[in-house]
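Colleague: I'd like to ask you about the structure that follows.
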Amino acid sequence: MAATEFLETAQGRRLAYHKNEGTGPTIVFLGGLKSDMEGTKAVHLEAWAQARGQAYLRFDYSGHGESSGAFTDGCIGDWHEDTMAAVTALTEGSLIIVGSSMGGWQALLLARAMPERIAGMVTIAAAPDFTEDGYWASFSDEQKAALKAVGQVELPSDYMEPYIITNRMIEDGRRRLVLRNALDLPFPVRFLQGTADTAVSTETAVRLLEHATGPDMHLLLVKDADHRFSDGPCLGLIEEAILDVVGGERCDA
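Structure below.
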């Protein structure tokens with residue numbers, strides 16, 4: 077595997093990334109909260125794209141993986157800036173955006189920022205607005221008071237060590253919500269969602285499908301698939317969804 081490369085951003089962050097050259101549109105993988113670019117889906121899709129001769133980019137947000145910064149210092153807006161910086165500096169031409177969990181929210185923010193660059197989008201257990209509809213909505217009065225007084229609360233995770241959720245993340249998230257006003261996705265979109273996902277509900281997936289507007293949107297519910305969505309059959313479904321949004325043809329240069 078090629079050595080990790082680094083991008084210095086205008087905000088002073090150092091983002092770790094792996095980029096494969098090839099034909100376009102470039103596939104860009106956007107990972108989830110506290111995930112990194114060494115995850116199963118990110119690495120699998122890199123090998124798959126490479127076999128197709130297609131350009132591919134995976135990277136770590138600040139405070140994630142090999143990138144600079146602490147997770148607890150970051151927020152949705154910071155990671156949106158990271159995504160914009162990586163896409164702008166490291167890719168050219170049209171893009172296929174693949175967003176997993178929080179990366180699905182990031183994909184939707186990217187669609188608002190640069191729709192002209194996006195040729196298609198695939199989301200996997202997309203979690204738009206989760207800081208408000210998931211975290212804040214479920215906090216007890218005691219947790220909300222602690223968030224204001226101490227600046228953070230600790231939440232258990234089914235997948236790793238507990239999450240430290242900061243007041244900054246909650247407040248910044250409110251400025252990035254995508255399900256409260258118009259969300260136009262003027263390109264083919266495939267939303268993938270497992271019915272056994274305990275982190276993102278099927279109701280969230282349906283809400284996103286019903287809220288967004290666009291000429292070609294489909295939601296695929298996969299019975300008994302969990303939030304990881306990374307076993308062999310699920311990886312195959314991600315590949316199929318990418319091919320679907322590009323018409324199944326080998327991409328142009």
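Going from the sequence shown to the working numbering is simple: count from 1 and add 76. C-beta: ideal position from N, C-alpha, C; glycine also.
1) Taking all protein chains shown into account, decide if E122 is buried (16 or more other Cβ within 10 angstroms of its Cβ) or exposed.
2) If we ignore side chains and look at the alpha-carbon of each, how far apart do S143 and C310 end up?
3) Pop quiz: S177 and A213 are said to be a contact at Cβ under 8 Å. What is the actual Cβ separation, rounded to whole angstroms?
4) Compute the Euclidean distance between the alpha carbons of A187 and A195, then round it to the nearest angstrom.
5) Does the beta-carbon of D292 have 16 or more other beta-carbons within 10 angstroms, so that it is buried, or is it exposed?
6) Drop a sphere of 10 angstroms on the beta-carbon of K117, count the other beta-carbons inside from all chains shown, and report buried for 16 or more, exposed for fewer.
7) Just mark G179 as buried or exposed, buried being the case when its beta carbon has 16 or more other beta carbons within 10 Å.
8) Below 6 Å CB to CB, which residues in the same chain sit around K299 once its five sequence neighbours on both sides are set aside?
9) Hey, how far is the Cα of I152 from the Cα of G175?
10) On a CA-only basis, which of D149, A161, R250 and A288 is nearest Y93? Give me that one, please.
11) Helix, strand or coil for F206 per DSSP?
12) My output table needs one value for S233: the three-state DSSP class, helix, strand or coil.
Modeller: Based on what the coordinates show:
1) Residue mapping note: residue 122 aligns to position 46 of the sequence shown, counting from 1. So E122 counts as buried.
2) Counting from 1 along the sequence shown, the entry for residue 143 is found at position 67. Counting from 1 along the sequence shown, the entry for residue 310 is found at position 234. Distance between the alpha carbons of S143 and C310: 28 Å.
3) For this step, residue 177 is matched to residue 101 along the sequence shown. For this step, residue 213 is matched to residue 137 along the sequence shown. The pair is not a contact, with the Cβ atoms about 17 Å apart (cut-off 8 Å).
4) Taking the sequence shown and counting its residues from 1, one reaches residue 187 at position 111. Taking the sequence shown and counting its residues from 1, one reaches residue 195 at position 119. In a straight line, the C-alpha of A187 is about 10 Å away from that of A195.
5) Residue mapping note: residue 292 aligns to position 216 of the sequence shown, counting from 1. Exposed: under 16 other Cβ atoms inside 10 Å.
6) Counted from its first residue, the sequence shown places residue 117 at position 41. Flag for K117 reads buried.
7) In the sequence shown, residue 179 corresponds to position 103, counting from 1. G179 should be labelled buried.
8) Along the sequence shown, read from residue 1 onward, the residue named residue 299 stands at position 223. Within the same chain, K299 has close Cβ partners T271.
9) Looking up residue 152 in the sequence shown gives position 76. Looking up residue 175 in the sequence shown gives position 99. Looking at the two C-alpha atoms, the distance is approximately 14 Å.
10) Along the sequence shown, read from residue 1 onward, the residue named residue 93 stands at position 17. When each option's Cα is compared against that of Y93, the closest is A161.
11) For this step, residue 206 is matched to residue 130 along the sequence shown. Reduced to three states, the DSSP call for F206 is helix.
12) In the sequence shown, residue 233 corresponds to position 157, counting from 1. If DSSP states are grouped into helix, strand and coil, S233 belongs with coil.
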